[in-house]
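Residue numbers (my numbering): 1 to 526.
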């Protein structure tokens, strides 16, 4: 069977033809998703209750993510798909450390499916920065278990978030390990398509994957968007290298998750080539070195709380604003229980109308129990994050629901999100507080519109996100980022790191950046 249409959307750093190869036999490829970005500073553990779980054929209706790209491409290619499960954090992919018992149950479920199905290849949608209460490298543990089970002859391909904590154990136990290339993450589907395409090429014997990695011990204190600044320049150089070297199938650039505490933390560049290449080690080192050379440019220019609200007040033509609460980002694993922006709006800006989500299962339950139409006085927020202060409010219960909604914007379009039982409390007759039981994924307008909040009637909306909301709120609100305290934003010497050693947290003068080859694919079987 031959595929005649091109893959949907761009395939960054892709070398080769636009057509899929003929499939000489009905390969059986097992697919699954297990996505979570674990913030160890969040005291609320991510157990099964905080995940959205789907199994079997249900996962074939995947949202706009890596799994969707995998499935669509495999279906078009005519291979047999063996779907197992999709387990995703209900708060948009991030949260506290995963309960290790839950992780082990999901790992065993995947291993049991592999034993039963005996697939020709395995394609996984992972995040790359999942840690549990017992291991900071859950993906490495999972992939090592898979490799030990299937042996060296079954290709394993994974698609990752570019904010992965990429470890040697992950690279040593996969044949294909690639990341999305854009932040905000608008190319997850393309990443999954590419994983599927490369798996088929390997099964056909046309790809002998060899992976080279280079690591630099630093994190990005800021400037994390790939569309401008130093990151855009490094990605452009990677595309240039790939265009000059036909053997290069992928260059992935990983901007490590800032709240992982593990050995070998750092920015990682991986290059996947078809067979060994004399050039890829030096290319990987050059790209990784560029991070170090440009390290002082990775800074955010965030507004203070007062500056943000002054901007909202003084710019009626740009309203509504959508305010990214950087310190309390559930999208970076924070609990979402901060009251700083709510208090500022109530105390200092009486003329502004807005909406603020706050994770508080106790207050949500009390408001729901009181019922729509009731007036309640509640102490809300600050139930999880150390250093936060709760806020006493009196408000009118305007709406209650189960908190479920479907993401409508381009980032994770179609994903099921679960805020848990939710109440909308109207405070001071102008601020709508979304009291959620679970950390809410507010990167999408549907988090608010599903709760009967009309964004166009407001002056501002607070979201617990730093990047992805910009795409999903495009055309609806003016985006702005605010500098707030919390466990969702890195600040030098603010948090304790026991294992990790990196700039700027630690004094590093001149790191040695070297290339490493990983025994992936055909090279493992030679």
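All residues carry an ideal CB built from backbone N, CA and C; glycine is no exception.
C-alpha distance - residue 506 paired with residue 37, whole-angstrom precision: Looking at the two C-alpha atoms, the distance is approximately 23 Å.
Contact set for residue 477: own chain, Cβ-Cβ below 7 Å, skip 5 residues either direction: 320, 321, 322, 455 and 461.
Any idea if residue 263 is buried or exposed, counting beta-carbon neighbours within 10 angstroms, 16 or more meaning buried? Its Cβ having fewer than 16 others within 10 Å, residue 263 is exposed.
For residue 32 and residue 76, I'd like the C-alpha separation in whole angstroms. If I take the Cα positions, the gap works out to 18 Å.
According to DSSP, what are the bridge partners of residue 428? BP columns for residue 428 are empty, so no partner.
Around the C-beta of residue 140, are 16 or more other C-beta atoms found within 10 angstroms, so that it is buried, or is it exposed? Burial of residue 140 is indicated by the presence of at least 16 other C-beta atoms within 10 angstroms of its C-beta.
Helix or strand or just coil, what does DSSP make of residue 217? Residue state, collapsed to three classes: coil.
Please go through the same chain and pick out, in chain order, the residues whose beta-carbon is closer than 8 Å to the beta-carbon of residue 384, but skip the five residues on each side of it. Around residue 384: 42, 43, 44, 335, 337 and 359.
For residue 396, which residues of its own chain have a beta-carbon under 6 Å away from its beta-carbon, when the five flanking residues on both sides are left out? Cβ neighbours of residue 396 beyond the five flanking positions: 375 and 426.
Along the chain, where does the alpha helix (DSSP H) containing residue 550 start, and where does it finish? Only positions 1 to 526 of the chain appear in the structure, and residue 550 is not among them; the question remains open.
Taking the C-alpha atoms as reference points, what is the distance between residue 23 and residue 251? Low per-residue confidence applies at residue 23: pLDDT is 46, beneath 50, and the placement is therefore not dependable enough to give any value.
In this structure, does DSSP put residue 384 in helix, strand or coil? Looking at residue 384 - three-state DSSP - the assignment turns out to be coil, as it is neither helix nor strand.
From 378, 175 and 362, pick the residue whose C-alpha is nearest to that of residue 272; which is it? Measuring from the Cα of residue 272, the nearest candidate turns out to be 175.
Roughly how far, in whole angstroms, is the beta-carbon of residue 484 from the beta-carbon of residue 326, given that I think they are within contact range, below 8 Å? The Cβ separation is near 6 Å, so the contact holds.
May I ask you to list the residues that DSSP assigns as paired with residue 177? According to DSSP, which records beta bridges pairwise, residue 177 is partnered with 158.
The ligand ZN heavy atom lying under 8 Å from the CB of residue 164: Because no ligand of any kind appears in the structure shown, any question about the ligand ZN cannot be addressed here.
Have a look at residue 159 and residue 168 and give me their C-alpha separation to the nearest angstrom. Between the C-alpha atoms of residue 159 and residue 168 there is a straight-line separation of about 16 Å.
On the three-state DSSP scale, how would you describe residue 518? In the three-state reduction of the DSSP assignment, residue 518 falls in the strand class, which pools E and B.
Any idea what DSSP makes of residue 23, helix, strand or coil? For residue 23, the predicted structure reports a pLDDT of 46, less than 50, and the residue's modelled location is therefore unreliable. A value from the coordinates is still provided. It is coil, neither helix nor strand.
Taking a contact to mean a Cβ-Cβ separation below 9 Å, would you say residue 257 touches residue 93 in this structure? In this structure, residue 257 lies away from residue 93, with their beta-carbon atoms at least 9 Å apart.
Following the continuous alpha helix (DSSP H) through residue 86, name the residue where it begins and the one where it ends. Premise fails: residue 86 lies in the beta strand (DSSP E), 80-89, not in any alpha helix (DSSP H).
What's the gap between the Cα of residue 424 and the Cα of residue 53? The alpha-carbon atoms of residue 424 and residue 53 are separated by roughly 26 Å.
Scan the region 277-353 and note each continuous alpha helix (DSSP H) run of 4 residues or more that stays entirely inside, going in chain order. For the region 277-353, whole alpha helix (DSSP H) runs of length 4 or above, ordered along the chain, are 280-293, 305-314 and 340-348.
Beta-carbon separation of residue 469 and residue 442 under 9 Å? The Cβ atoms of residue 469 and residue 442 lie closer than 9 Å to each other.
Can the beta-carbon of residue 147 be found closer than 9 Å to that of residue 173? Yes, the pair counts as a contact, with Cβ atoms nearer than the cut-off.
Who are the near neighbours of residue 27 in its chain, counting only those whose CB is closer than 6 Å to its CB and skipping five residues on each side? Cβ neighbours of residue 27 within its own chain (closer than 6 Å, five residues either side excluded): 79, 120 and 203.
Specify, as a first and last residue, the run of the beta strand (DSSP E) that residue 465 falls within. Residue 465 -> no beta strand (DSSP E), and no H or E assigned at all.
Taking Cβ positions, are residue 156 and residue 122 nearer each other than 9 Å? Residue 156 places its beta carbon less than 9 Å from that of residue 122.
Looking only at its chain, what residues have a beta carbon closer than 6 Å to the beta carbon of residue 284, apart from the 5 residues adjacent to it on each side? Within the same chain, residue 284 has close Cβ partners 212, 214, 269, 271 and 515.
Three Cβ pairs or more, each shorter than 8 Å: is that satisfied between the region 223-239 and the region 272-281? When C-beta atoms of the region 223-239 are compared with those of the region 272-281, fewer than three pairs fall below 8 Å, so the two segments do not count as touching.
Please state if the CB of residue 188 and the CB of residue 465 are separated by a distance shorter than 9 Å. No, these two residues do not count as a Cβ contact at 9 Å.
Residue 490 lies in the alpha helix (DSSP H); which residues open and close that run? First-last for residue 490: undefined, no H or E at that position.
Taking 6 Å as the limit between beta carbons, can you name the residues of its chain near residue 453, skipping five residues before and five after? Cβ within range, chain order: 355 and 432.
For residue 341, which of 463, 351 and 409 has the nearest alpha-carbon? Nearest option by C-alpha distance: 463.
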